[in-house]
Amino acid sequence: MSQVTAAAPQVADSHNDLLMACLHRRERGVADPFGDDWLPGLREGGVIFQVLPIFTEEQFVGEGALRRTLELIGMAREIANLHTADVGIVEEAGDVDEIIDGGRIALLVALEGAEPIGSSPSMFDTMWRLGVRMASLTWNRRTMMADGVGESDTEGGLTSLGIESIHDMERLGMILDVSHLSAAGLAHVDQVATRPYVATHSSCRLLCDHPRNLTDEQIAMTSRSGGFVGINAFGPFIDAVEPTIERYVDHVEHAVGLAGPASVCIGADFIEDLVRFVDPILGKALVRPEDLVPILGLSRPSHYPNLTAAMVERLGLEQAERVASRNMLDFFRRALPSGSQCM
Numbered sequence: 015m016s017q018v019t020a021a022a023p024q025v026a027d028s029h030n031d032l033l034m035a036c037l038h039r040r041e042r043g044v045a046d047p048f049g050d051d052w053l054p055g056l057r058e059g060g061v062i063f064q065v066l067p068i069f070t071e072e073q074f075v076g077e078g079a080l081r082r083t084l085e086l087i088g089m090a091r092e093i094a095n096l097h098t099a100d101v102g103i104v105e106e107a108g109d110v111d112e113i114i115d116g117g118r119i120a121l122l123v124a125l126e127g128a129e130p131i132g133s134s135p136s137m138f139d140t141m142w143r144l145g146v147r148m149a150s151l152t153w154n155r156r157t158m159m160a161d162g163v164g165e166s167d168t169e170g171g172l173t174s175l176g177i178e179s180i181h182d183m184e185r186l187g188m189i190l191d192v193s194h195l196s197a198a199g200l201a202h203v204d205q206v207a208t209r210p211y212v213a214t215h216s217s218c219r220l221l222c223d224h225p226r227n228l229t230d231e232q233i234a235m236t237s238r239s240g241g242f243v244g245i246n247a248f249g250p251f252i253d254a255v256e257p258t259i260e261r262y263v264d265h266v267e268h269a270v271g272l273a274g275p276a277s278v279c280i281g282a283d284f285i286e287d288l289v290r291f292v293d294p295i296l297g298k299a300l301v302r303p304e305d306l307v308p309i310l311g312l313s314r315p316s317h318y319p320n321l322t323a324a325m326v327e328r329l330g331l332e333q334a335e336r337v338a339s340r341n342m343l344d345f346f347r348r349a350l351p352s353g354s355q356c357m
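Just add 14 to the spot in the sequence shown (first one is 1) and you have the working numbering.
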C-alpha cells in the first residue's frame with residue numbers, strides 16, 4: 015500500500031473546484047488548463063489524492079444543471095486522458111492504491127449539490143455509471159431533496175425525495191457528503207443513513223462562528239457514522255479576523271479531539287481565485303469580495319508543505335500523516351466498492 019514519508023507528509027484533499035476552473039479557462043481558449051494551472055502545483059504540494067467536486071453555478075440551476083454536470087464530468091475524463099502518466103480516476107477501492115503506487119494522483123469525481131438529479135433519484139444510477147462516487151444533496155441553496163445552510167431558518171430536514179435519494183446512493187455505494195446541509199438536514203441524515211457519511215470541507219463552529227462550519231456535536235456525529243471531516247481552508251471559515259496556518263491547525267486539533275485521530279482530514283476548498291477571477295456570480299453568492307481573505311501561505315495546492323510542517327510541529331508526525339492523507343485513503347479503501355461490486 016502507498017505510504018506517506020516522514021520527511022514530507024503527502025496530501026489527500028477532499029475538495030478542490032479545479033474542474034470548474036478548468037472548464038472556464040477552456041471556454042476562454044486555453045488548450046490544457048489542468049496541465050498549465052493545476053498539475054505543477056499539485057505535484058509541488060505533494061498531493062496524491064484529490065476529490066473533484068462538480069458544482070452547479072447559479073446561471074445553470076434548473077434545466078441547465080444536467081448539461082453543465084456532463085460538461086464537467088467530460089472535463090475530468092479529458093484531464094485523465096491527457097495526463098495518463100500523472101493522474102487516474104478512482105471508481106473502485108482497488109484503484110486508490112493502484113494509482114498512487116504508480117506515482118500518479120488519484121482523482122475522485124463528486125457532485126456538490128443534487129441539482130442535476132432534479133426530481134429523479136434514478137439519475138444517481140446514471141451518475142454512478144459516469145464515474146461519480148460521492149454526492150451531496152445540497153449546496154447552500156434549497157434543492158428538491160433538502161435545504162442547504164443558506165436556508166437554515168426554515169429548520170427543514172430531508173424531503174421524502176431526499177430520503178429516497180440516500181437509500182439509492184447507499185444501494186449503489188455512493189458516499190454522502192453533508193458539508194453544505196442545513197443543521198436540521200444533517201440531524202435527519204443521521205437518523206436515515208445506514209452507511210458512513212462525510213463532511214468534505216467544513217471547519218469548527220466553536221472556533222469560528224460561521225454557518226458553514228460544524229458544531230462540536232455535528233463533528234462527533236459524522237465521526238460516529240464512520241465518516242470523516244475535512245477541514246476547510248477558506249479564510250472566513252477559519253477566523254473572522256486573521257486566518258492563519260496556525261489557526262487552521264487549531265481547527266484540526268479541535269476536530270481530532272472530538273472525532274478521534276482517524277476521522278479528520280484536509281478539505282481545503284481553495285476558492286479565493288476562483289471566486290474573484292473565474293465566476294463573479296458564484297462569488298457574490300458565497301461572500302462579499304472584500305471578505306475574501308485567504309490564509310497567508312495556504313491558498314493553493316503548492317502551499318501544502320507549509321501546512322504539513324505546521325501540523326508535524328504541533329501534532330507530531332504520526333497524527334500529521336493521518337490528517338494529511340492516511341485517514342482519507344483508509345476511508346475510501348473501506349467505503350468504495352470492490353471491482354466485483356461495481357456496476
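No residue lacks a Cβ here, since even glycine has one placed at the ideal position from N, Cα and C. As the structure is a computational prediction, the values presented were derived from the model and not from experiment.
So, with DSSP's three-state summary, where would you put Val-226?
With the sequence shown as reference, residue 226 is identified as Arg, and Val is not the correct amino acid for it. Here Arg-226 sits in coil by DSSP.
State the DSSP-derived secondary structure class of Ala-64, mapped to helix, strand or coil.
In the sequence as presented, Ala is not what sits at residue 64; that position holds Gln. Gln-64: strand per DSSP, three-state reduction.
From the DSSP secondary-structure annotation, give me the bridge partner or partners of Ile-189.
Met-148
Rounded to whole angstroms, what's the CA-CA distance from Pro-67 to Gly-60? Just pull it up for me.
20 Å
Who are the near neighbours of Ala-22 in its chain, counting only those whose CB is closer than 7 Å to its CB and skipping five residues on each side?
Gly-60, Pro-319 and Thr-322
Residues sharing a beta bridge with Tyr-262, DSSP
For Tyr-262, which the question treats as bridged, DSSP gives no partner whatsoever.
Give me, in chain order, the residues of the same chain whose beta-carbon lies closer than 6 Å to that of Met-148; leave out the 5 immediate sequence neighbours on both sides.
Ala-124, Ile-189 and Asp-191
Roughly how many angstroms lie between the CA atoms of Asp-139 and Glu-260, to the nearest whole one?
42 Å
Considering only their Cβ atoms, is the gap separating Phe-242 from Met-342 smaller than 8 Å?
yes
Go to Val-206, then tell me how far its alpha helix (DSSP H) extends in each direction, as first and last residue.
197-206
Since Cys-279 is in the beta strand (DSSP E), which residue starts that stretch and which ends it?
278-280
Quick one: using the 10 Å Cβ neighbour count with 16 as the cut-off for buried, is Ser-196 buried or exposed?
buried
Going by DSSP in three states, Gln-17 sits in which element: helix, strand or coil?
Any reading at Gln-17 is ruled out, since the residue's pLDDT is 41, under 50, leaving its predicted position unreliable.
With DSSP collapsed to three states, give me the class of Leu-53.
helix
Have a look at Ser-237 and Ala-273 and give me their C-alpha separation to the nearest angstrom.
5 Å
Can you tell me which of the three DSSP states Ile-103 falls into?
strand
Bridge partners - Asp-27, DSSP secondary structure assignment
Gln-64 and Ile-280
Alpha helix (DSSP H) containing Val-243: first to last residue?
First-last for Val-243: 243-245, but that is the beta strand (DSSP E), not the alpha helix (DSSP H).
I'd like the span of the beta strand (DSSP E) that includes Val-123, first residue to last.
119-126
Out of curiosity, what's the CA-to-CA distance linking Gln-232 and Phe-251?
16 Å
Residues of its chain near Arg-249, where Cβ-Cβ distance is below 6 Å and the 5 sequence neighbours each way are ignored
It should be pointed out that residue 249 corresponds to Gly in this sequence rather than to Arg. Cβ neighbours of Gly-249 beyond the five flanking positions: Pro-257, Val-307, Pro-308 and Ile-309.
With Leu-361 as the anchor, note down where its alpha helix (DSSP H) starts and where it stops.
Examination of residue 361 is not possible in this model, given that the chain is present from 15 through 357 alone.
Just confirm the distance between the C-beta atoms of Met-158 and Leu-175, as a whole number of angstroms; I'd bet it's less than 8 Å.
5 Å
Classification of Gly-43 by the beta-carbon crowding that lies within 10 angstroms, buried from 16 upward
exposed
When Asp-230, Leu-56, Val-206 and Val-270 are compared against Glu-332, the one with the closest alpha-carbon:
Val-270
Taking the alpha-carbon positions, what's the Gly-55 to Ala-90 distance?
17 Å
Secondary structure of Leu-288, DSSP reduced to three states
helix
Residue of Gly-88, Ala-349 and Glu-126 minimising C-alpha distance to Thr-214
Glu-126
Would you check whether the ligand COA has a heavy atom nearer than 7 Å to the C-beta of Ile-119?
With respect to the ligand COA, the structure offers nothing, as it holds no ligand at all.
Indicate the three-state DSSP secondary structure (helix, strand or coil) for Asn-341 in the structure shown.
helix
Out of Asp-182, Leu-221, Glu-77 and Ser-28, point me to the one whose CA is closest to Gly-132's CA.
Glu-77
Classify Ser-277 as buried or exposed, calling it buried when 16 or more other Cβ atoms lie within 10 Å of its own Cβ.
buried
Taking all protein chains shown into account, do 16 or more other C-beta atoms lie within 10 angstroms of the C-beta of Ala-254, making it buried, or fewer, making it exposed?
exposed
Cβ of Pro-217 within 8 Å of Cβ of Glu-58?
Pro is not the amino acid found at residue 217; the sequence shown has Ser there. Not a contact, by the Cβ cut-off of 8 Å.
Mind checking which residues open and close the alpha helix (DSSP H) that includes Pro-257?
Counting along the chain, Pro-257 falls outside any alpha helix (DSSP H), and DSSP gives it neither H nor E.
Can you give me the Cβ contacts of Thr-194 inside the same chain, cut-off strictly under 8 Å, excluding the 5 residues immediately before and after it?
It is worth fixing the name first, because residue 194 is His in this sequence and not Thr. So the list reads Glu-126, Gly-127, Ser-150, Thr-152, Trp-153, Asn-154, Gly-162, Val-163 and Arg-226, once near-sequence residues are dropped.
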